[in-house]
Amino acid sequence: MNKIDRTIINTLQEGFPICSSPYKKVAEGLRISEQELLDRLKVLLESGILSRFGPMYHAEHMGGALTLAAVKAPEQNYDNIADMINAFPEVAHNYAREHALNMWFVLATETPEQIQPIIQTIENKTGLKVYNMPKIQEYFVGLKLEA
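Numbering (the numbering used here), first residue to last: 1 to 147.
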């Protein structure tokens, strides 16, 4: 990753223009062509440097729901359990933790009523108790990862 790639990543974390040609506008600010920007984004995504490029939605404002969940996955079966949980389209993130509850994941559903049935289905599929830790209060912390 070179200086231009790092500048692209840092710039895009600050926002994306809402206009008829947003990539062109970003490229102009970076003093590169729109095609170069698109090509570089494609390489960053394909190489895994970026795992995703897209908007962040506030699910609750759109009628949806999020919850943090965790399981105590046996180490000898950890990868298999992770694969089972990650197969659910409602699983947004999955993290290994050094804790008795060693696998934490975020569930995102279209409605709050869908959270518990998904948890039950994950429990049935994995044979593990899912600990549901819904958000009580939201705190906003601006996160920008300097590339």
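Note that CB positions come from ideal geometry on N, CA and C, so glycine has one too.
Computed from a predicted model, the values in this text were never measured in an experiment.
Buried or exposed for residue i, please, with buried defined as at least 16 other CB atoms from any protein chain shown within 10 angstroms of its CB.
i	result
I18	exposed
A27	buried
A100	exposed
L109	Reading off the sequence, residue 109 comes out as Thr, not Leu. Buried, because 16 or more other Cβ atoms sit within 10 Å of the Cβ of T109.
R40	buried
Look up residue i in the DSSP assignment and say whether it is helix, strand or coil.
i	result
Y23	helix
L68	strand
L50	coil
H93	strand
Y139	coil
R6	helix
A82	helix
G63	coil
K144	coil
Got a sec? Which residues, its chain only, sit under 8 Å from residue i by beta carbon, not counting five neighbours each side?
i	result
N2	none
P74	I81
Y95	M103, W104, F105
For residue i and residue j, what's the separation of their Cα atoms in angstroms?
i	j	result
V91	G48	19 Å
N86	V43	25 Å
R14	G127	Before going on, a small fix: residue 14 reads as Glu here, not Arg. Roughly 42 Å separates the two Cα atoms.
K148	L66	Because the chain is modelled from 1 through 147, residue 148 falls outside the range shown and cannot be assessed.
E60	L37	33 Å
L107	L12	26 Å
G29	G54	19 Å
Ordered along the chain, which non-local residues of its own chain (more than five positions away) have a Cβ less than 7 Å from that of residue i?
i	result
K25	P17, C19
Please list, in chain order, all residues of the same chain as residue i whose beta carbon is under 6 Å from its beta carbon, the five residues on each side excluded.
i	result
V71	M103, L128, V130
N132	T67, A69, I119
Next item on the list: Return the chain-ordered ranges of every alpha helix (DSSP H) run that is complete within the region 100-136 and spans a minimum of 4 residues.
Entry: Here the runs fully enclosed are 115-126.
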